[in-house]
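Residue numbers (our numbering), protein chains in the order written: chain A, 1 to 187; chain B, 188 to 374. Data first, discussion second: the structure below is written as structure tokens.
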DNA sequence: AGCTTATAGTTAGCCACCTAACTATGTCAA
DNA sequence: TTGACATAGTTAGGTGGCTAACTATAAGCT
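Below you can see the structure in the form of structure tokens.
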């Protein structure tokens, strides 16, 4: 089995206990213990599930990035697309996509063909082996997702989605806010 | 401002729509559209929040790994620990911790001192500059976490935690299950 | 036609993660 | 006491992210 890389996202193995949180709250009065714990737990669940998925994919010599590229290709009617379009849809840079495609080509899961009309473009196509790889991986993937989610009934699932969505919509709070600040009158 | 690395976790920018999901469901009958969508959304929220946090930390020349090490040190009564203990608590390999500490040492946010009794060990201590860096970063961090979470009231937050927990407890489903399978009778 | 600008893809160099293998030191039991 | 095993830390080599800079091609003005 191939090595696989764990996600780079913080692995919050050691979310602080109440005592430690109090020490921080004393120094930083803005601290809201409940909010911080919830935020850290959300990050942890995301990371650990991502790592677990990677572990499953690694049994098939795939990782999330390469696997997702294959899925994007399978979605297309002619099983093909371009590096730029794939980078955009996968949410990675074009440079990263070049690397992912290099690996997939090495394993013969995709083919690269120079496009006819626009000679800057390259057509990436899912090969038979690529489709076969997905046919290997996907049934177990869907089965595991079902097992994972079976502890929630339908209304609980909807509820979870809605709660996540409301937090997600606030994610811009981490962005730089100095521009607006500068326009405010000084004392 | 420093470059900062986005999390390696899949950025599911392009979660499939119902039509595409149907195409997959035709080929892979195990597919449960609602479950897959929920799972992918959970991964996406985790990744994007992680990236947003990294963006904030990058304004202070930190990233999650280095920042978390500083926090772990600040928790300690004597502001010091060892590379092994830090690796364990941060959930990264000892090799990765060596690299993180190299960077923190370069920025003089920690100091390395050879331990007296066990000469294999090295004592890592948070420096004055390290503490000052945290004092810079943390108020804004806590403020942003509060803003992020303010869209949920207390009972909704508790509810979210409990739903996440129930999914999280099933994460072992992604682990290799062939050992048990092999012991089953064949047809 | 010829400039300028935009787009497609790659390359180079950095970071943070991993495993495996290595060195040095400590521990423990025959 | 010495040989086997365990532990602390580093190094080497691989992966997959990033930005910036580069080449080649296309498109659009004037």
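Each residue gets a CB set at the ideal place from its N, CA and C atoms; glycine is no exception. It should be emphasised that the depicted structure is a prediction, and the values quoted were computed from it without experimental measurement.
Of all residues in the segment 53-64 of chain A, only 53, 55, 56, 59, 64 come within less than 8 Å of chain B when Cβ atoms are compared, listed by chain position.
In the displayed model, residue 342/B falls within a helix according to three-state DSSP. From the beta-carbon of residue 167/A, the residues of chain B found nearer than 9 Å are 232, 236, 335, 336, 338, 339, 347. For residue 72/A, the uninterrupted alpha helix (DSSP H) segment begins and ends at 64-75. In the structure shown, the three-state DSSP call for residue 93/A is coil.
Close CB contacts of residue 314/B within its chain, under the 7 Å cut and outside five residues either way in sequence, are with 295, 296, 297, 298 (chain order).
Taking 9 Å as the upper bound on Cβ-Cβ separation, chain A lies near residues 251, 252, 254, 255, 258, 259, 261, 262 of the segment 251-265 of chain B. Under the three-state reduction of DSSP, residue 59/A is assigned to coil, being neither helix nor strand. When C-beta distances to chain A are compared with 7 Å, every residue of the segment 287-318 of chain B stays at or above that value. Within the same chain, Cβ atoms closer than 6 Å to the Cβ of residue 24/A are found at 31, the five residues on either side in sequence being excluded. Under the Cβ criterion of 9 Å, residue 83/A is not counted among the residues facing chain B. Of the residues assessed, residue 216/B falls on the exposed side of the cut-off, its CB having fewer than 16 other CB atoms within 10 angstroms. The beta carbon of residue 308/B lies closer than 6 Å to those of 269, 302 in the same chain, with the five residues before and after it left out.
For the pair residue 338/B and residue 150/A, the CB atoms are not nearer than the 9 Å cut-off.
Straight through space, the alpha carbons of residue 282/B and residue 331/B are spaced by roughly 32 Å. For residue 281/B, the nearest beta carbon of chain A is not closer than 9 Å to its own beta carbon.
Under the three-state reduction of DSSP, residue 236/B is assigned to helix.
Taking the C-beta atoms as reference points, residue 321/B is found nearer than 9 Å to residue 257/B.
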